[in-house]
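Numbering (my numbering), first residue to last: -14 to 170.
We put the beta carbon where it would ideally sit given N, CA and C, even for glycine.
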């Protein structure tokens, strides 16, 4: 309200533009606060054996487009099935959107592999890829390459990975991007 009074009282275009920008940024921040609080409140309440094939299939059904799933057998992981489904849904939606934005028709693909005490779920899209694979730059609230998006998805996935003792890895192999959710067994 104070910004609106200031904007109307100055009558100067540069000041009005600056105040309008501040109002837009504050509105955007206000709209994002519930998401930020939800991410911060995520907790690992259940840690049990989970069927990664079922989790990937459930996430693929919510991806908003076709997804190519590698053939099983799918390994068993350990964690909270609901949180892992949420994480993979975010990754698959990002992959579907990036692939569509690049005008590609091949669907994103999911591959699962095992290595010792780790299970890796890799999601590869056919989009433009990343300009950087630095996780600190890719996982930031209010940072997104998509207009109108707030960067909540990857931040949520990273938080879920950490809750499970895992990590996220980013690659941009020249065509598309690969985001790998690495989980401990």
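Residue nearest to residue i in terms of C-alpha spacing, selected from the options
| i | options | result |
| --- | --- | --- |
| residue 51 | 63, 32, 91, 40 | 91 |
| residue 72 | 0, 54, -1, 152 | 152 |
| residue 148 | 155, 36, 64 | 64 |
| residue 82 | 36, 150, 138, 144 | 138 |
| residue 85 | 2, 49, 6, -1 | 49 |
| residue 42 | 31, 33, 66 | 66 |
| residue 47 | 70, 56, 34 | 70 |
Test item: CB-CB of residue i and residue j under 8 Å
| i | j | result |
| --- | --- | --- |
| residue 104 | residue 76 | no |
| residue 142 | residue 168 | no |
| residue 54 | residue 106 | no |
Coil, strand or helix - residue i by DSSP
| i | result |
| --- | --- |
| residue 103 | strand |
| residue 127 | Note that residue 127 scores a pLDDT of 48, beneath 50, so its modelled location is shaky and nothing firm can be said. |
| residue 33 | strand |
| residue 90 | coil |
| residue 156 | strand |
| residue 52 | coil |
| residue 109 | strand |
| residue 161 | coil |
| residue 170 | coil |
| residue 116 | coil |
| residue 62 | strand |
Integer Cβ distance of residue i from residue j, believed to fall under 8 Å
| i | j | result |
| --- | --- | --- |
| residue 93 | residue 116 | Their Cβ separation, rounded to whole angstroms, is 19 Å, which puts residue 93 and residue 116 out of contact at 8 Å. |
| residue 162 | residue 114 | 5 Å |
| residue 58 | residue 37 | No, residue 58 and residue 37 are not in contact; Cβ-Cβ is about 10 Å, not under 8 Å. |
Exposure label - residue i; buried when at least 16 CB within 10 Å
| i | result |
| --- | --- |
| residue 62 | buried |
| residue 31 | exposed |
| residue 74 | buried |
| residue 6 | exposed |
| residue 80 | buried |
| residue 146 | buried |
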